[in-house]
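Here is the structure we will look at, set down as structure tokens.
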Amino acid sequence: MKRRPSQNPIPTTNITSTPLHSIPVSLPFLFRFFYFRPVIMSQTVVLKVGMSCGGCSGAVKRVLDKMEGVESFDIDLKEQKVTVKGNVQPEAVLQTVSKTGKKTSFWEAEAASEPEAKPAEVVAVA
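The sequence shown begins at 1 in full-length UniProt numbering and counts up one residue at a time.
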């Protein structure tokens, strides 16, 4: 028996015109979808890495190339500074670069290490 299109139509929902609360979605699905997805925003992580040669920077490059979430990175051998940008956690980047065997720590902000500039005193000349 051949079915006509009008017989037993497949139920569909027009999402554009239906309120969201009436769309049948399983609650466990929503829970898994939203609860178990960590939200990591793109951020910049700056590290101080003890590098003395091109081989050292090459080792850092190799581990960062393999790291998930890394969008870009810059290795400054002269300043021993590694800047990583992407959807990454700072601790994860630190641990990954530490696997190279190089001494690794978070880069301290230059503003915090420099003493505050005091305003110049004004002296009246008579």
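Note that beta-carbon positions come from the ideal geometry of N, C-alpha and C, so glycine has one too.
- Between Val-45 and Val-84, the C-beta spacing is below 7 Å.
- Going by C-alpha positions, Phe-73 is about 8 Å away from Leu-64.
- When Asn-87, Gly-86, Phe-106 and Gly-101 are compared, the shortest CA-CA separation from Leu-94 is found for Phe-106.
- In summary, Lys-102 is buried, with 16 or more beta-carbon neighbours lying within 10 Å of its beta-carbon over all protein chains present.
- Contact annotation, Lys-48 with Lys-81: C-beta distance approximately 6 Å; criterion of less than 8 Å satisfied.
- Rounded to whole angstroms, the separation of the alpha carbons of Thr-100 and Glu-91 is 15 Å.
- The residues Leu-77, in chain order, have a CB closer than 8 Å to that of Gly-54 in the same chain once the five nearest residues on each side in sequence are set aside.
- The residue among Glu-71, Gln-43, Gly-69 and Ser-57 with its C-alpha nearest the C-alpha of Ser-98 is Ser-57.
- In the DSSP assignment, Val-84 falls within the beta strand (DSSP E) that extends over 81 to 86.
- For the pair Met-67 and Thr-104, the CB atoms are not nearer than the 7 Å cut-off.
- If you draw a straight line from the Cα of Met-41 to the Cα of Asn-87, it is about 6 Å long.
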